[in-house]
Structures are given as C-alpha cells and as structure tokens.
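**Student:**
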Amino acid sequence: MWKLGSLNVDGKAVLGPMSGFTSSGYRDFMKPFGVALSYTVMTSDLGIIHNHEKTNEYVHFGDNHPTGVQLYGSDPETISKAATIAMELNPDIDFFDVNMGCPVPKIIRTNSGSALMRDPKRCGNIIRAIKSKVDVPVSAKIRLGWSLNEMNFRDVIDELQSADVDAICVHPRTRSEAYSGSPHYDLIEGLQDEMSVPLIVSGNIYLLEDAISAMRTSRATAVMVARGGVGNPYLVTQIDRYFRTGERLPNPKISQQVDWCLELADFMIKEKGYEEAMRKFRIYAPKFIAGCHKCRSYRYDLAVKSKDMESLKEILYDIRDKMGDMRINTYGRIDQDEPPHSS
C-alpha cells in the first residue's frame, strides 16, 4: 500500500494512458488482472472548457477506482479551470494527472506535453493552479527533457515538488527520442531516494523482468504498464504477484490469451457498439498472440479477416485448437506492429 496524496493505492502496477486504447472498457477489462491505479486517455483542457462531446466522455469512468483524469495544456489558469469543470461533470474523479511528457508534434505545437519540460517553473505553476481549485491529488508525467543535450528532469522534479505535487511518473526518454531506442533507466538510478513524493516509472515494460529491473534501478514506488500490456493483460498479474509475494508466475497459455481476447471484445462492444468495436479489434486481437511462436499468419488473419465476431472467433478457436497448451514466450519482442502512443 502506498499513498498518492490522500489516496490509498494497493499495488505496484499502474495502467498507463494510451491514446485510442485506454478507454473505459479497456480499463474495466484490465482492472481484475491487478491494476492498482488507472488514468483516462490524455484530455485537452480546452476540450473540457468548450464542452466538446467526445472530450467530456473522457472524464466519466463508472466504478473503476482509483482513476485519474489526465489533462494536457500549457496555461495554468486554463488547465485549472478545466479541472474544476471536470469535477463538476464527475465528482468521483479520484485525482488529476498533468501530461508533461507527450512527444507527439500536434501536442508540442500547443506548447503542451514535452514542450513544458523546457519551462520548469511553468510546470510547477500548473500544479499549483490545479491544486488551488480542486480538492483531490494532482500528479504529473514527465520525460528526461527535450533532448539528450537538454535533460533537466531534476529541475522539473524540484519545481513540481515545490508546488506540492502528489506523485511523479518519469518516462526515461527525451522528447526527441519519442518511443525509439531503449529508455535510459541508468540515468534515474536511485531517483526515488532523492524525491519526497512517490515515483512511478514508465517505458518499455513488456516483461516481468523489465518491471523488476526498472523498479530496482530507480527504487520507484510503482511501475506503469502501457504498450506492453496491450494483448498481454497477464503481465499486470505477474507484476502484482511478484511485488506482493516474490513469486514469478509463468507466462499464460495461448488458450488463456484467446479467452481474454474474446472477453475484451465483449467489453469493447458494450462500450463502443458492434461496428466500432470490430474495427478497433483488428488492432487489439493480433497483439494477443504477438508472443506466439510462428504465428505471423494468424496475426495477419486477425488484423485483416476478423471483420465480425463470427470470423474473429473462427480464427481464435483455430489458434486454440492447434496450440492452446503452448505458452506465450517473448511477448513484445517479436513482430510487433506500430504500438499505441503513450507519453
């Protein structure tokens, strides 16, 4: 158990926000696997203020707690106003998170996301403004800096802590690196010991060993699972169990992956409707067998031929019949399609 401000968080596995993926249905699906803390997808402060219908959907999340609304913006007054409106729309919001790490150009152009890393004082002022308007914890998600030549994450952390931030998530890449290469966990070695608030680490967590290594190096309080959990929900269970008991659970069987894939399909249909869910599932479904040896043709079929539940089930049942007792092995390391973007 650890504290995010006034919140009690029971577990080390945090579900990261991913644009286009971390919907309410996806969060509800992932929760029973051992998710201790969730975020909504990154939400525009101006979208909330101007009552954009789609944006307003992001601040509602049912009974899945604790869940925070992740905001992005560049102006302290505007983003704090958005937080106030969000609380009026949904008084059950558990906390807010400010995205100060997204490297996507359209976000950078608004001076939001990673662009904020170039102005540490503004980062602190944003947190102060939000905390002055709402009575829930406020966290922030950052990167190492703008580039390898402009790494100022410690300056940003100092400003955030001076603003009474409640937790900080660090993705140990720079903005210029985006999602390429390996995260620089060596540069945040022992970082938690230098901080007065909980540290959450994020970046390339595809296997249990990745989480263990990241936590040991940084001495973080928790670890964020984002891209590595898409199609591999049991990774969250492995992380949760290890940090509770020290037990290393084996990777799941393909038969389990098939069952979970179909379970997620049901969640998505209930949330988004049949047609939209089936379109999105051409992205989700292949990832459930991304660690399956010699399954490239099946992944192609799931991406191209699974146009409805009948065809999806037909392909998945064939996979289960032929190799259901095999275990997923090197998930996330082979034949991956372009992953969803997280900050």
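Okay, so the sequence shown: first residue is 4 according to the working numbering, each after it adds one.
Where is the CB? At the ideal position from N, CA and C, for every residue including glycine.
The structure displayed is predicted, hence computed values, not measured ones.
Whose C-beta lies closer than 8 Å to the C-beta of Glu341 among residues of the same chain, with five residues either side of it excluded?
**Tutor:** In this prediction, Glu341 has a pLDDT of 40, which is less than 50 and means its spatial position is unreliable; nothing more can be read from the coordinates.
**Student:** Return yes when the C-beta of Pro69 is under 8 Å from any heavy atom of the ligand GTP, and no when it is not.
**Tutor:** In the structure on display, the ligand GTP does not appear, and there are no ligands present to speak of.
**Student:** Let me know if Leu315 comes out buried or exposed under the rule of 16 or more other beta-carbons within 10 Å of its beta-carbon.
**Tutor:** Leu315 is buried by the Cβ-count criterion.
**Student:** So for Cys209, helix, strand or coil by DSSP?
**Tutor:** Reading off the sequence shown, one finds Tyr at residue 209, where the question assumed Cys. Coil.
**Student:** Are the stretch 255-266 and the stretch 218-229 touching by the rule of at least three beta carbon pairs closer than 8 Å?
**Tutor:** Contact fails: fewer than three Cβ-Cβ distances are below 8 Å.
**Student:** Report the rounded CA-to-CA distance for Thr43 versus Arg30, giving the unit in angstroms.
**Tutor:** Using only the alpha carbons, I get a separation of about 8 Å.
**Student:** Can you tell which of Gly234, Arg146 and Val204 has its C-alpha closest to the C-alpha of Asp177?
**Tutor:** Reading the sequence as shown, one finds Thr at residue 177 and not Asp. The shortest C-alpha separation from Thr177 is found at Arg146.
**Student:** Should Leu40 and Pro69 be called a contact, given that it needs their Cβ atoms to be closer than 9 Å?
**Tutor:** Yes, the Cβ-Cβ distance between Leu40 and Pro69 is below 9 Å.
**Student:** Rounded to whole angstroms, what is the Cα-Cα separation between Asp97 and Arg330?
**Tutor:** C-alpha separation (whole angstroms): 37 Å.
**Student:** Please state the DSSP three-state secondary structure of Ser25.
**Tutor:** Rather than Ser, the amino acid found at residue 25 in this sequence is Thr. Correct three-state label for Thr25: coil.
**Student:** How would you call Ile292, buried or exposed, if buried means at least 16 neighbouring beta carbons within 10 angstroms?
**Tutor:** So Ile292 counts as buried.
**Student:** If you draw a straight line from the alpha carbon of Gly104 to that of Ile272, how long is it in whole angstroms?
**Tutor:** Distance between the alpha carbons of Gly104 and Ile272: 31 Å.
**Student:** Beta-carbon within less than 8 Å of Gly37's beta-carbon, same chain only, minus the 5 sequence neighbours each way: which residues are those?
**Tutor:** Result list for Gly37: Gly14, Ala16, Val239, Thr240, Ile242, Asp243 and Arg244, in chain order.
**Student:** Check the C-beta distance from Phe32 over to Leu267 and give it rounded, since I have them as a contact under 8 Å.
**Tutor:** Phe32 to Leu267, Cβ: 5 Å. Contact.
**Student:** Here's a check: name, in chain order, each residue in its chain whose Cβ is nearer than 8 Å to the Cβ of Met4, leaving out the five neighbours to either side.
**Tutor:** Correct list, in chain order: Asn11, Val12 and Asp13.
**Student:** Tell me which residues share the same chain as Ile88 and place their Cβ nearer than 8 Å to its Cβ, disregarding the 5 neighbours each side in the sequence.
**Tutor:** Once the five neighbours on either side are set aside, the close Cβ partners of Ile88 are Ile51 and Ile52.
**Student:** Which class does Met227 belong to by DSSP, given the choice of helix, strand or coil?
**Tutor:** Strand at Met227.
**Student:** Determine, using beta-carbon pairs with one atom in the stretch 163-172 and one in the stretch 79-93, whether at least three such pairs fall under 8 Å.
**Tutor:** Cβ pair count under 8 Å is below three, so no.
**Student:** Can you give me the C-alpha to C-alpha distance between Val62 and Val101, rounded to a whole angstrom?
**Tutor:** Each residue's Cα considered, the two are about 14 Å apart.
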